[in-house]
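In the working numbering, the protein residues as written are 5 to 281.
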């Protein structure tokens, strides 16, 4: 508040919470203890965690319905921030885990990159879930998803366990969600070049440029979005955490002001969607 006053910022209509003196602190301690008491958390540890960590406190506000969403992580490493959300807010009942997604805005495309922040070496089953979650998120913005399952191989041109994993995930998606347009495994240039796709692989079920790009591992996804951000001339919005019960987004350490603004806006939009059911 003092900083805002010095900067002549108007904070009217914004509630600022000071966790140690918050009236629901005891409630949050008890609820958190109840959630984690069989996972190694004692009552003393629950009290210490809730009174010293604003991230845990914010997560409990969302868990208790006293906040609609959470944006956090500016001053902490990603794993340190995602853990409180997983322990308290949790993942959706029909999901086995969460994934990280970036929206990449270029002059000609709106692209969804996943997984870029969470799953290091996902299995075929996890890749399937990541792809479905990313596609559903694209539809949230009224964008019909065209999913490319990326690899260093094009439709059997190489034989390797990493390629087989992507191919298996593609078949799983087709079986679980026949309403989605998906194909793979394919290289990134093929996924984004309809003419090349039509000439070399006319059997591909994607007839236009793909807009949901699913990477086979965290290394490739993370490298790709950062290259697009630094040298690709794209606007990159994220990281967006998909698969959570409520809107929770964990910012990258030392991110830019515009990143915070973008993710706050995304969280508000998602919260309104969740509220509407």
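C-beta: ideal position from N, C-alpha, C; glycine also.
Just so it is clear, the structure is predicted and the values come from calculations on it, not from any experiment.
By alpha-carbon positions, which one of 88, 37 and 222 ends up nearest to residue 49?
37
Taking Cβ positions, are residue 54 and residue 92 nearer each other than 7 Å?
no
Could you please give me the residues that DSSP links to residue 229 through a beta bridge?
DSSP, once it has assigned bridges, lists no residue as partnering residue 229.
Out of 230, 246 and 111, which one is the CA nearest neighbour of residue 144?
246
Hey, how far is the Cα of residue 108 from the Cα of residue 241?
6 Å
Where does residue 260 land, buried or exposed, given buried means 16+ other C-beta within 10 angstroms?
exposed
For residue 280, is the classification buried or exposed, using 16 other Cβ atoms within 10 angstroms of its Cβ as the cut-off for buried?
Unreliable placement is indicated for residue 280, whose pLDDT of 41 sits below 50; no coordinate value is reported for it.
Taking Cβ to Cβ, would you say residue 216 is nearer than 7 Å to residue 264?
no
Endpoints, alpha helix (DSSP H) assigned at residue 201:
198-204
Just to confirm the assignment: which complete beta strand (DSSP E) runs, minimum length 3, are found wholly within the region 129-155?
150-154
Local Cβ density within 10 Å of residue 17, reported as buried at 16 or more and exposed below that:
exposed
If you run the structure through DSSP and keep just helix, strand and coil, what is residue 92?
helix
Three or more C-beta pairs under 8 Å: does that hold for the region 214-233 against the region 114-132?
yes
Where does residue 261 fall in DSSP's three states?
helix
What three-state label does DSSP hand residue 56 in the structure shown?
helix
Go ahead and pull the three-state DSSP assignment for residue 279.
Low confidence applies to residue 279: its pLDDT is 43, below 50, so where it sits in the model is not reliable, and the reading given next is rough at best. In this structure, residue 279 counts as helix in the three-state DSSP scheme.
For residue 188 versus residue 174, is the C-beta spacing smaller than 7 Å?
yes
Taking the straight line between their C-alpha atoms, what separation do you get for residue 200 and residue 179?
27 Å
Pop quiz: residue 121 and residue 243 are said to be a contact at Cβ under 8 Å. What is the actual Cβ separation, rounded to whole angstroms?
5 Å
Exposed or buried, residue 210, counting other C-beta atoms within 10 Å across all chains shown (16 or more means buried)?
buried
Pick from 110, 87 and 186: whose alpha carbon is nearest that of residue 131?
186
Check whether the Cβ atoms of residue 248 and residue 102 lie closer than 7 Å to each other.
yes
So if DSSP puts residue 82 in a beta bridge, which residue, or which two residues, is it bridged to?
Residue 82 is not bridged to any residue.
As assigned by DSSP and simplified to three states, the class of residue 185
strand
By a C-beta neighbour count over all protein chains shown, 10 Å radius and 16 as the cutoff for buried, is residue 69 buried or exposed?
exposed
Mapping the DSSP letters down to three states, classify residue 62 as helix, strand or coil.
helix
Tell me the rounded alpha-carbon separation between residue 172 and residue 193.
21 Å
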